[in-house]
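When we follow my numbering, the leftmost residue of the sequence shown carries the number 88, and every step to the right adds one. Virtual Cβ for every residue (Gly too), placed ideally from N, Cα, C. Below is one structure; the comments refer to it alone.
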Amino acid sequence: MSETSAQATAAVTEAAASGSWRRAGLAGAAIGVVAAGAAAGVAVERLTVGRGMRRKARLALDASGPYGSLRGVPGKAYAADGTELYYEVDEIDESGTGTRRRRLFGRKTPAPVTVVFSHGYCLNQDSWHFQRAALRGVVRCVYWDQRSHGRSGRGAEQVEAGTPVSIDTLGGDLKAVVDAAAPEGPLVLVGHSMGGMTVMALADQHPGLVRERVVGTALVGTSSGRLGEVNYGLPVAGVNVVRRVLPGVLKALGQRAELVEKGRRATADLFAGIIKRYSFASRDVDPAIARFAERMIEGTPIDVVAEFYPAFQEHDKTAALAAFAGLPALVLAGEQDLVTPSEHSEAIAELLPDAEFVLVPDAGHLVMLEHPEVVTDRLADLLARTGAVPAAATVGIYGDTGSTAQPGG
């Protein structure tokens, strides 16, 4: 019997002992589903079970999949204000099982290309799990955690001087990571949501770098501006209230971070439902993936959530997109994204005539987790167009960490 199956059995036994047979059946079924990682369309928060049963189901979810388990060679870069930025490098596999690369491609690429992945707000580098699994050993990749996210340090300016975070600050952080992890050679820049805005800020500040070294870009579920007009799927009256009070509420919550974090833990089920609604659109999203996203978002402290939010209202990098004109590009969005609606990606694509514009049906904001096969396939095509991989190549089995993981991963 597996550990997760044992957990399911224990949950049923515990509830049976107290006479809660109906709750035991539902909880046992929920844990069994999530332990198998099946896309059964059963969300834990929708089951009418007690808090203890739901907690056991979440623990089973956390143990059920390898999501976020891939690791590379660690490194550190330092932002202009001294903030420590954590990154990892997945190198091309050239030896031993590295014959896989030669078998797939038949030859080496004429020059090393580094693909740099920038993640979104309240996430971390692990949000690229499926793409990382597929590209591992095939092309050199850098994954990094934005300031105050993941394994990177808290923003020094924010902690020491109370300076607001800006998208320009994040663009400077990306430049520091590039300088440390990929100081030479061609670059492909990939960004999701806030990560896409970070890529635009880099282009705005360092157009020469883009002109001399960037050979392609992928902008996933992001926006070049006008985020203050997003309605988040709310009725007009509701969105007006949100726009008016949310900045002040977040600021107040950020000033009482310790108390708020205790409250977040106590209301985990409510947050799980909200996170799922704004992350995914599919009814049958794998519960283990939904829980993986929930863990990343839960891991972002409320004071970080508060200090980053105003930057999105001020973000406008439409003019910076001109730096990518004429380069191979991918602009991809979930058709039902409530956070950065697909119209924003369409507007970006209109300014990049050489871009492939992909609208993914039945997809929300975390499209790279919800429909990883689509994102990975189009990203592989972009890499072929940039010359990073031959046009006839494939990048491996989508999300199959067992067949693509390297030793130590």
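Which one of the options has the shortest CA to CA distance from residue i?
i, options, result
"P294", "G320, G259 and V307", "G259"
"H236", "H431, F395 and V372", "F395"
"L274", "E316, F204, A359 and H458", "F204"
"V307", "E178, A166 and I435", "I435"
"E385", "A359, Y365 and Y165", "A359"
"W62", "P459, Y365, Y165 and V447", "It is not possible to answer for residue 62, since the shown part of the chain is limited to 88 through 496."
"S310", "P397, S432, D213 and A377", "S432"
"R370", "E316, E457 and L446", "E457"
"E422", "R223, A267 and G320", "G320"
Checking the sheet assignment: what are the DSSP bridge partners for residue i?
i, result
"V200", "DSSP, once it has assigned bridges, lists no residue as partnering V200."
"C209", "The partner list for C209 (beta bridge, DSSP) is empty, contrary to what the question assumes."
"A164", "L172"
"R227", "T201"
"T304", "L276 and A416"
"D177", "C228"
"L446", "A420"
"G312", "D403"
How big is the Cα-Cα spacing for residue i and residue j?
i, j, result
"F367", "D449", "8 Å"
"L466", "A305", "7 Å"
"D180", "V476", "14 Å"
"V200", "A269", "9 Å"
"F379", "V277", "21 Å"
"T196", "L414", "Low confidence applies here, because T196 scores a pLDDT of 46, under 50, leaving its location unreliable; read the following figure in that light. Cα to Cα, the separation comes out at about 19 Å."
"V372", "M281", "23 Å"
"V461", "H206", "18 Å"
"G249", "G169", "15 Å"
"N318", "Q218", "30 Å"
"E221", "G155", "Note on residue identity: the sequence assigns Ala, not Glu, to residue 221. One C-alpha to the other measures close to 13 Å."
"E299", "Q292", "14 Å"
"R238", "A471", "31 Å"
"G159", "R234", "19 Å"
"A117", "R364", "Low confidence applies to A117: its pLDDT is 31, below 50, so where it sits in the model is not reliable, and the reading given next is rough at best. If I take the Cα positions, the gap works out to 19 Å."
"A393", "T463", "32 Å"
"A167", "V252", "13 Å"
"L261", "E247", "21 Å"
"G242", "L257", "10 Å"
"E244", "P459", "36 Å"
"L157", "V391", "25 Å"
"G162", "V176", "8 Å"
"F192", "A375", "Residue confidence is low: F192 scores 49 on pLDDT, short of 50, so the model does not pin down where it sits. No coordinate-derived value is stated."
"A406", "P397", "20 Å"
"E401", "P153", "37 Å"
"G128", "D213", "Its pLDDT being 28, under 50, G128 is placed unreliably in this model, and the value from its coordinates should be taken loosely. Cα to Cα, the separation comes out at about 23 Å."
"H216", "E316", "31 Å"
"G283", "E178", "23 Å"
"A377", "R223", "23 Å"
"H279", "L446", "14 Å"
Is the beta carbon of residue j closer than 7 Å to that of residue i?
i, j, result
"A442", "S429", "no"
"T387", "C228", "no"
"F444", "V418", "yes"
"R174", "V264", "The sequence given here places Tyr at residue 174; Arg does not occur at that position. Yes. Within cutoff."
"V302", "T473", "yes"
"A416", "L439", "yes"
"D468", "G451", "no"
"F399", "L453", "no"
"E381", "I361", "no"
"E171", "G272", "no"
"N211", "M455", "no"
"V226", "V202", "yes"
"R312", "D255", "In the sequence as presented, Arg is not what sits at residue 312; that position holds Gly. Not in contact: G312 and D255 (Cβ atoms no closer than 7 Å)."
Please decide whether residue i counts as near chain C, where near means a Cβ-Cβ distance under 7 Å.
i, result
"P397", "Absent from the structure: chain C. Only one protein chain is present."
Checklist entry - Any chance the segment 283-294 sits against the segment 403-414, with 3 or more Cβ pairs inside 8 Å? => result Result yes; three or more Cβ-Cβ pairs closer than 8 Å.
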